[in-house]
Every structure is written in structure tokens, then in C-alpha cells.
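Reviewing the structure listed below.
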Amino acid sequence: KQEVTQIPAALSVPEGENLVLNCSFTDSAIYNLQWFRQDPGKGLTSLLLIQSSQREQTSGRLNASLDKSSGRSTLYIAASQPGDSATYLCAVRHSGSARQLTFGSGTQLTVLP
Amino acid sequence: AAGVIQSPRHLIKEKRETATLKCYPIPRHDTVYWYQQGPGQDPQFLISFYEKMQSDKGSIPDRFSAQQFSDYHSELNMSSLELGDSALYFCASSSNRGTRAFFGQGTRLTVV
């Protein structure tokens, strides 16, 4: 059974810092990996999608990497801003026929002004 | 651009009542997923549909059932509600089972 772990569970940084969020998964037979952002009590916003054949994806100040063989992904946020404060979830999509997502428990990020 | 629409956004039910949650996927998306997120928990997969057929089942209780209709919208039916069913229920859709999943804003169900 796929297990997804995110470290750290919570992170507090001053504005302007660069930071890295970590995601690890136990079964490397994945189809792709997605990073999501969730504001308190709100829905999930997809940030980046990395296919299993890719090594990284970039969108603005965000860069996500994937090392499928070691079961790891990182989300790099450059020049953090208070508006980046949210919970960040990674989710791996299974490579089986249904391809549902298995989520990590998230990293709660607080960027202090 | 159209997103995944869920209704209602909020729902309050009493124990042992029933509830029906609706999900309208992004147009031309043929796959729908349902997830349950309890307070402080990560989303847990419940069930998915591809081309109106159930494609996979996760941790969905027997008291719950779901279906996908001919117009690709989906409904999650929940019976004999329990206090522990209080959660945020998300629906997601994708254009096929491998592409990016887009999530709705969720339905917050409170069972009292």
C-alpha cells in the first residue's frame, strides 16, 4: 500500500526566505505526482504536476523535483511571501488502472511579514 | 475557465439522516474522484468513476454509495449519518485517469 509522508509537518519562516518542502512515497510505481495548496477550510489548488518520466517542473517562484527511484519529491518556494501561508500537500497518482491519488498529511507553512 | 462544481457548499444533518452531495466535473472530463478530509487530516480516497462506471473503491463505508450519470456529474449518497462523518468532501475530475486532477471547493458536512 502506498504511503506518502511530508516533512516537516509545520514550518514558519520570515518573509523573503527560500524554503524546501519534502515529500516521500513508499511505492515508486507512480504515474505522476502533484503538489497542492490548501488554505484553511478551503479547497485544493493544484500547483505543479510532475509526470513519472520528468525530473522537475517550474511555475513562477515554485519548483518541484521528482526522484522516482528514491521515492522523493521536493517543492522549492523562492522569495517566500505572507500570501504563501497555507498547507501544502503532495499526492502521488497510482500507476494502476484507477489512478487515484494518495495524499501526504501536508506541511503547514507560515510566512511571517 | 470552468472548474469542478460541488453542491451544496455547506450541509448540516442530524445523526441517522441521509445526505446527497453533488459534483459537476470540468466539461469533457470523464473521470471523477471523491475524497473525504476530516478535521486536521489529509484527504482520503473514497471512490472513483471512469466513463460512468466505478473504477476503484477506497475507504468508502458501506453506508455510502455513489454513481456517475450520463452527463458525467456524480452524486455521493450518505445514509445513517454518524458524527464521525463530519468532514470536508472533495470531488475531483480529470480528462482521463492519468492527467492532472482538478478539485472542487468541497462540501462541508456537519453531522449533529
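Protein chains in written order, with the numbering used here: chain C, 70 to 182; chain P, 3 to 114.
A virtual CB, placed ideally from N, CA and C, is assigned to each residue, including glycine.
On a predicted model such as this, the values are computed, not experimentally measured, just so you know.
Would you call the CB atoms of Gln75 (chain C) and Gly173 (chain C) closer than 8 angstroms? At a Cβ-Cβ threshold of 8 angstroms, Gln75 (chain C) and Gly173 (chain C) count as neighbours.
Pro45 (chain P) and Phe92 (chain P) look like a contact to me (Cβ under 8 angstroms); what is the Cβ gap, rounded to whole Å? Sure, about 6 angstroms apart at Cβ, within 8 angstroms.
Chain-order list of residues whose beta-carbon lies under 6 angstroms from that of Val89 (chain C) (same chain, five-residue window excluded): So the qualifying residues of the chain are Thr143 and Tyr145.
Is the beta carbon of Leu90 (chain P) closer than 8 angstroms to that of Gly108 (chain P)? In this structure, Leu90 (chain P) lies closer than 8 angstroms to Gly108 (chain P) by Cβ.
So the beta strand (DSSP E) Glu77 (chain P) belongs to, where does it begin and stop? Per DSSP, Glu77 (chain P) belongs to the beta strand (DSSP E) from Ser76 to Met80.
Strictly below 7 angstroms CB to CB, what residues from chain P border Thr127 (chain C)? Residues of chain P with a Cβ closer than 7 angstroms to the Cβ of Thr127 (chain C) do not exist, since the nearest Cβ in that chain sits about 16 angstroms away.
If we define contact as Cβ-Cβ less than 8 angstroms, is Tyr35 (chain P) a contact residue for chain C? True, the Cβ-Cβ gap to chain C drops below 8 angstroms.
Using C-beta distances below 8 angstroms, list every residue in its chain close to Lys17 (chain P), excluding the 5 sequence neighbours before and after it, in chain order. When the five nearest sequence neighbours on each side are left out, the beta carbons in the same chain lying within less than 8 angstroms of the beta carbon of Lys17 (chain P) are those of Leu83, Glu84, Leu85, Val113 and Val114, in order along the chain.
From which residue to which residue does the beta strand (DSSP E) around Leu170 (chain C) run? Segment Leu170 to Phe172, the beta strand (DSSP E) holding Leu170 (chain C).
Name the chain P residues whose beta carbon is nearer than 8 angstroms to that of Thr171 (chain C)? Annotation: Cβ neighbours of Thr171 (chain C) in chain P (cutoff 8 angstroms, chain order): Phe47.
So what's Leu83 (chain P) in DSSP terms, helix, strand or just coil? DSSP places Leu83 (chain P) in coil when its eight states are reduced to three.
Where do the N-terminal and C-terminal ends of the beta strand (DSSP E) with Glu125 (chain C) fall, by residue? Annotation for Glu125 (chain C): the continuous beta strand (DSSP E) segment containing it runs Glu125 to Ser128.
Taking C-beta pairs closer than 9 angstroms, name the residues in chain C that Gln38 (chain P) reaches, listed in chain order. Residues of chain C passing the Cβ test: none, with the nearest at roughly 11 angstroms.
Where the stretch 68–84 of chain P meets chain C: residues whose CB sits under 9 angstroms from a CB there: The residues in question: there are none.
is_contact[Gly11 (chain P), chain C] using C-beta, thresh 8 angstroms: Rather than Gly, the amino acid found at residue 11 (chain P) in this sequence is Arg. Chain C contact via Cβ: absent.
Taking only three categories from DSSP, how would you classify Asp44 (chain P)? In the three-state reduction of the DSSP assignment, Asp44 (chain P) falls in the coil class, being assigned neither a helical nor a strand state.
Could you work out which residues of chain P lie near Ser142 (chain C), taking near to mean beta carbons separated by less than 7 angstroms? Per Cβ cutoff of 7 angstroms: no residues; Ser142 (chain C) is ~15 angstroms from chain P at best.
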